[in-house]
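In terms of our numbering, the sequence shown is residues 526 to 1032.
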Amino acid sequence: MPTTRRTGLWSASALGLTALLSMPPVAQAAAQPSDAECASHSAAGGQRLTLYMDQATKQILAEPGPNRVRLGEFEAVDPCADQARAEFRTTEEPSSLATVPVEAPPPRKTTGIDDKPATLMLTDESHSFEVGLSGRLHADYNYENPNDYVKRDSGAERNAATGTEIRRARIGVEGTFGRNLGFMLEADFADNDVGVKDAFLVYSGIDPLEFTLGQQKQAISMELQESSNDIMFTERSLVNSLTGPLFDRAIGANLKGSGHDWSAQIGAYGDTIAPNDDREQATEGYGASTRLTWAPINSDEHVIHLGTYAGLREAAEDNGVLDGQPAYRYENTHMSNARIFNTGTIENFDRVYMGGLEFAAMAGPYSIQSEYVLTRTERSDGFSDLDYNAGYVQLGWTLTGESRVYRGSDGEFKGLRPDAPFDLSAGTYGAVELAGRFDYADLNDRDVTGGEGTRATAALNWYLNRHVRLMADYSRVINTQASPLVTQDGGSVDGADIFTFRTQWAF
């Protein structure tokens, strides 16, 4: 069915195109061309320009490049022709952005909090260099009961602090060098310290491949890949007690191929960028990982996700890994030094193998996500191998009806975008999400006991708009065995309660 659209004049300037395409209809109708403009556009009559949109910055550009979607071909309009013909054009093209029949690009769902356009974007005249600014702040209040424990083996006190903290305070710059090279540099200023999170270069000139070099997340675990801006809980599950310490960020090389419904990654890594003054100078360790995902159903409101991953981490000469000594652990909260699950340093650590499975599904406002991970830790000098495992199942329900955003090319969920951002004057209140999670970890094997137990968590999240979220989490430790912590009177830590309230903003 023919569609009618309002058009303006195009020019070779990307910024000019942006202004013309966003010009209000009244302003377009009121602008009358001069004789010089008539002569100039008459000479350019019949020319066409292919346009692309940068999905992060929403800029309209005249050249292809990384993270840019082809909009179509735009034809110059004679400004001196009949007014009705210049103002309106009828075409068989189903896209409202093209004036000639072209193949419409597939939809790409990038509405998570991390995908917001930067508030500051700098570019040179030729757009061969672009850089944007991003950031996030997570401000927490934590409460724990009981808030004082002792270590089972030594009797040393461990306090579960109650109070406020800045959980994350990050500033990042990201951009492009030319058509096929992108970069990311992000630093975290939480804990009144500075640490580099991401620092990498990515090449995307061979579709559908991407090659990333530098400090980056290793290709492990759906939950670990998802941004802290987008997960439904203030902290990740007990699966992170195994994946986080040894398979988070590291310096390395990663090759990724992806499409609308699938992704495949393989990478090799050294240690992390963070220095560690506690370790002696030694030849660093190394690691490798791979992750495969497939979404046989992938639409805006319905998703089925299947995934699997595997990893290897070899110790350094001094038996250290990444930026510390080998240990599997999980903090009750970030500001607490009480860890109900904690193996402590594993002596004679040699290497660890990891494997995991992922399943997720979504139907409208309802979602489910789960993982199971198994590790085998090999030790030297005749010490027995250690087998640990962990898993979680989490459910989400958006009370206001929105669907979460799933990106098949990354195999992960992104954040929630409210249909009606919070605005009292307009009578809109954003989006409200209810979530529940059941997770467990078994860190007990042979002579190393880090605790075995289960936990339940409930969360209520209020998304005021695309950038601001308020979160409230309540967790209870249900059942533990051989936890390294006990209460002051020597009792079990079963029934420990943890409450967190977070104010989050990100751009």
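Using N, Cα and C, we set each Cβ at its ideal position, and we do this for glycine too.
| Item | Value |
| --- | --- |
| For N862, the three-state DSSP class (helix, strand or coil) | coil |
| Three-state class that DSSP yields for F714 in the structure shown | coil |
| Same chain, Cβ closer than 6 Å to S729, neighbours up to 5 away in sequence not counted | P591, N705 and E735 |
| Whole-Å CB distance - A966 paired with A915, under 8 Å assumed | 4 Å |
| Proximity winner among Q919, V698 and Q750, relative to L726 (alpha-carbon distances) | V698 |
| Proximity below 8 Å, CB of V930 to CB of R942 | yes |
| CB of E821 within 8 Å of CB of G784, strictly | It should be pointed out that residue 821 corresponds to Pro in this sequence rather than to Glu. No. Outside cutoff. |
| Inter-residue spacing [alpha-carbon to alpha-carbon] between H827 and F758 | 22 Å |
| Three CB pairs or more closer than 8 Å across the region 891-906 and the region 997-1012 | no |
| Sub-8 Å separation of T701 and E655 beta-carbons | yes |
| Chain-order list of residues whose beta-carbon lies under 6 Å from that of Q515 (same chain, five-residue window excluded) | It is not possible to answer for residue 515, since the shown part of the chain is limited to 526 through 1032. |
| Distance between A981 and G795 (C-alpha atoms, nearest Å) | 35 Å |
| Complete beta strand (DSSP E) runs within the region 727-768 (minimum length 3 residues, chain order) | 734-742 |
| Beta-carbon proximity check, Y674 vs V973, cutoff 8 Å | no |
| Closest Cα partner of E896 within the set Y834, N873, A841 and M887 | Y834 |
| Spatially closest choice to G1020 from M996, V1011 and V1002, by CA coordinates | V1002 |
| Segment limits, beta strand (DSSP E) that includes D796 | Run containing D796: none; DSSP gives neither H nor E here. |
| K939 - partner residues in DSSP beta bridges | V930 |
| For A983, the three-state DSSP class (helix, strand or coil) | strand |
| Inter-residue spacing [alpha-carbon to alpha-carbon] between F599 and Y891 | 40 Å |
| Per-residue DSSP class, three states only, for S950 | helix |
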